[in-house]
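Numbering (our numbering), first residue to last: 215 to 324. Here's the structure, in structure tokens; my notes come after.
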């Protein structure tokens, strides 16, 4: 006998009972709202962590840059003091005056 509109209940044929759609109650609405807010919070947290990682990387890069600048500054200060001492020594020994005399002599000679 065949009933036509009914499904077979044999094991090979999966029977899915029709879902009953009922309006969500207050608790379900609260749960859905909390899930949505949790997803938003997790997304913001992920963005904040990515930003923190980027800022940490930039900070380390800036620290290296400052270290290089400090090394250059120390080197240039030391070279400047050495040059000052050298010039002071040349003036004290009269070597500069002699060189000025020679350079002036060469200019006026030609």
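Glycine included, each C-beta is placed from N, C-alpha and C at the ideal position.
Taking the Cα positions, residue 299 is about 36 Å away from residue 275.
When only Cα atoms are considered, residue 282 and residue 272 end up about 15 Å apart. When the Cα atoms are used, residue 241 and residue 256 turn out to be separated by approximately 22 Å.
Distance from the CA of residue 258 to the CA of residue 284, rounded to the nearest whole angstrom, comes to 38 Å. For residue 288, the enclosing alpha helix (DSSP H) covers residues 240-307. As the crow flies, the alpha-carbon of residue 246 is around 10 Å from that of residue 252. Rounded to whole angstroms, residue 302 and residue 296 show a C-alpha spacing of 10 Å.
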